[in-house]
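Student: For the sequence shown, the numbering used here assigns the number 7 to the initial residue and increments by one for each residue that follows. Positions of the beta carbon are idealized from the N, C-alpha and C atoms, including for glycine. Treat the numbers as computed from the prediction; the structure is a model and nothing was measured.
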Amino acid sequence: GVARKAFTVGASTKWDTVWSRSARGPVPGYHELIKPDTVAPGLSITSTKWGGGYQESSGTSMAAPHAAGCAALIKQLHPTWSPRMIQANLMNTAADLGEDVFSQGAGRVRVQDAARAGAVLAPGSLGLGKVDATQEVWAASKVLQLHNVSTDTLHYSLAVNGTLPAGVTTHLEPESVSLGPDESVMVT
Numbered sequence: 007g008v009a010r011k012a013f014t015v016g017a018s019t020k021w022d023t024v025w026s027r028s029a030r031g032p033v034p035g036y037h038e039l040i041k042p043d044t045v046a047p048g049l050s051i052t053s054t055k056w057g058g059g060y061q062e063s064s065g066t067s068m069a070a071p072h073a074a075g076c077a078a079l080i081k082q083l084h085p086t087w088s089p090r091m092i093q094a095n096l097m098n099t100a101a102d103l104g105e106d107v108f109s110q111g112a113g114r115v116r117v118q119d120a121a122r123a124g125a126v127l128a129p130g131s132l133g134l135g136k137v138d139a140t141q142e143v144w145a146a147s148k149v150l151q152l153h154n155v156s157t158d159t160l161h162y163s164l165a166v167n168g169t170l171p172a173g174v175t176t177h178l179e180p181e182s183v184s185l186g187p188d189e190s191v192m193v194t
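#1: Who are G16's beta bridge partners in DSSP?
#2: According to DSSP, simplified to helix, strand and coil, what is V155?
#3: Do Q93 and A70 have their C-beta atoms closer together than 9 Å?
#4: Cβ of G58 less than 9 Å from any chain C Cβ?
#5: Just verifying my parser: in three-state terms, what is the DSSP assignment at V107?
#6: Once DSSP output is grouped into helix, strand and coil, what is the label at L134?
#7: How long is the line joining the alpha carbons of A9 and S109, rounded to whole angstroms?
#8: Whole angstroms are fine: how far does the CA of K81 sit from the CA of S67?
#9: Is DSSP giving T52 helix, strand or coil here?
#10: How should A112 be labelled, buried or exposed, when 16 other C-beta atoms within 10 angstroms of its C-beta is the threshold for buried?
#11: Should V126 and N98 be called a contact, given that it needs their Cβ atoms to be closer than 9 Å?
#12: Whose C-beta lies closer than 6 Å to the C-beta of W273 among residues of the same chain, with five residues either side of it excluded?
#13: Can we say the region 52-61 touches the region 29-38, given the rule of at least three CB pairs closer than 8 Å?
#14: Spatial neighbours of L160 within its chain, please: CB distance less than 8 Å, with the 5 preceding and 5 following residues excluded, ordered by chain position.
#15: If you draw a straight line from the alpha carbon of D102 to that of D158, how long is it in whole angstroms?
#16: If you run the structure through DSSP and keep just helix, strand and coil, what is L160?
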């Protein structure tokens, strides 16, 4: 799960919480990586067992096939999309479970919402490394691609939200954009 391009999945419960024994980040030595990317149902999942029959199992090994199935359905719907775009689409449309990003990633996958998405913002997450109050002020920039995948012109006002350390400011360029069908813009 520490590979930069791997789509890592934690396990959620039927109550839309992160399972207490689910794998979590941050990845030691790779603080700019936000893992897991999403969570998917992984508690008390009925699956086939070695030697035949069925059994209930729990864990990320049960959640990963759910996420892989979601990715396969989106690939079938959009055969020209890259793995990066499919991953971002599933992350963009995930349900926020109210957990921290290193427990839930973007949230629980919602394949129906992913199938209906009008735009994809890739990559699905950005990490700027480990930040704390003792660090000196530094500047960093990252680039995202916003792609209109609908047949309509879409209008966006872009903003950064969430809690930032004291003294940290953000600037997005552009701050607003209109995209026609199949148009993209790079956001810094």
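Tutor: The structure says:
#1: V45
#2: coil
#3: no
#4: The displayed structure is made up of one protein chain only, and chain C is not part of it.
#5: helix
#6: coil
#7: 17 Å
#8: 22 Å
#9: strand
#10: buried
#11: yes
#12: Residue coverage of the chain in this structure runs from 7 to 194, which leaves residue 273 outside it and unanswerable.
#13: no
#14: G124, A125, N154, S184, L185
#15: 26 Å
#16: strand
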